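A short worksheet on the structure shown next.
In the numbering used here, the protein residues as written are 199 to 623.
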């Protein structure tokens, strides 16, 4: 039955290979169960709710893309996207986490529209590759900065804004130890490197009496999680900043999903259904109570292990449901165990900078604005906006206005209007 359902013979694979690949994918991405709730709880969202939502939406996404797209891809709350939700939408722009979930739902609707119409192709062609790469790099630097803060390696300073933290503090020393351990595991390409590193640091924290990093309000009962389904707050829907936030989040999840699927799928004919599954899962994130999902780059681990069909994704999804039985153990994990993951994942994302062409200033400078402004303003949306506004201006300055698509002009103008209405009206 499994052979026929997932066309294993056509893909020249076996049930054993697919199960092994699914298990590998799970251990590679399981750290998201720890890191995503830790980030979302910074918004005031109950930690236990964020944890349950992360597990459920990942299980749902993996089952959907496995059964509908027959692709060995993990769909899970994206690193960088969760930072945008927590630190830009909620903390930066002042929305509540409930209003943030409303923004997630509406951005999911727009994502679905692109998945069910020819709009996806037009958007993919409209935005320059240099800006897409700049967004990835900028988010990577941002994640690194957040990790350095969470780990106590950098701190606020009245004169220089930021400065090196007190490295003699136990939390900072533990972060450095964790960074060394995880880097050694990553460079040696050990499967589940982050999960192993988190476990080692958590045990060390317990031995030395360093408190856990579990934050947020405690949930009295798991049954109370049902309230999240009605938590989305649309009270600000009539305001321009609200729709600017929706637009910005949509841009991020659409282009990240496109890029990751193109890079991960060996059979490009699977892109259509996989993209639709990604859109449906991102939309469902708002209902389940988490930041949007995207295809995880860690899916490559399962593919490298021999995963070729949706059975790999289904196995991973089922393991996330099993993992719910062990969630009480996650409360013992300190922020010093999470910080190294953010730093290293950020570094991995920064590698995209090598693909930006530095021969043309009208290409690299807008990307540079995105990269610089995202971490320095603590806002992914503002970084994207500045880059998107600068790009057509520089092309026009070169006398090449036709190098910019009409869709790109429209997007840039919308970002410009946002600043006009926010600061000048």
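Where a beta carbon is used, it is the ideal one built from N, C-alpha and C, also for glycine.
Computed from a predicted model, the values in this text were never measured in an experiment.
query	result
Sorted by chain position, which residues of the same chain lie with C-beta nearer than 7 Å to residue 472's C-beta, five sequence neighbours on each side aside?	263, 267, 269, 271, 459, 463
What does the alpha-carbon distance come out to for the pair residue 567 and residue 461?	25 Å
In terms of alpha-carbon separation, which member of 319, 277, 586 lies closest to residue 339?	277
Could you check whether the stretch 539–553 touches the stretch 570–578, counting it as contact only if at least three pairs of C-beta atoms, one from each stretch, sit closer than 8 Å?	no
Near residue 482, which residues of its chain fall below 7 Å by C-beta distance, leaving aside the five closest residues on each side in sequence?	255, 258
Return the residue from the list 498, 504, 565 that minimises the CA-CA distance to residue 327.	565
Nearest by alpha-carbon distance to residue 299: which of 615, 335, 474, 429 is it?	429
Excluding five sequence neighbours on each side, which residues of the same chain lie with their C-beta closer than 8 Å to the C-beta of residue 616?	438, 439, 442, 583
Name, in chain order, the residues that DSSP records as bridge partners for residue 491.	275
Output the distance between the C-alpha atoms of residue 253 and residue 304, rounded to the nearest integer angstrom.	22 Å
On the three-state DSSP scale, how would you describe residue 602?	coil
Would you call the stretch 479–496 and the stretch 356–367 touching, i.e. three or more CB-CB distances under 8 Å?	no
Since I believe residue 376 is in contact with residue 538 (beta carbons under 8 Å), could you give me their beta-carbon distance rounded to a whole number of angstroms?	4 Å
Smallest Cα separation from residue 503: which of 241, 209, 596, 217?	217
Less than 7 Å between the beta carbons of residue 496 and residue 211, yes or no?	no
DSSP beta-bridge partners for residue 353?	361
Closest by CA to residue 200, which one among 622, 556, 510?	510
By how many angstroms is the C-alpha of residue 558 removed from the C-alpha of residue 600?	16 Å
Assuming contact is defined by CB atoms lying nearer than 7 Å, are residue 345 and residue 541 in contact in what I supplied?	yes
Flag this pair as yes or no: are the beta carbons of residue 560 and residue 593 separated by less than 7 Å?	yes
Is the stretch 232–250 in contact with the stretch 474–481, if contact means three or more CB pairs nearer than 8 Å?	no
Looking at the unbroken alpha helix (DSSP H) that takes in residue 574, where does it start and where does it end?	559–575
For residue 446, does the count of other Cβ atoms within 10 angstroms reach 16, so buried, or fall short, so exposed?	buried
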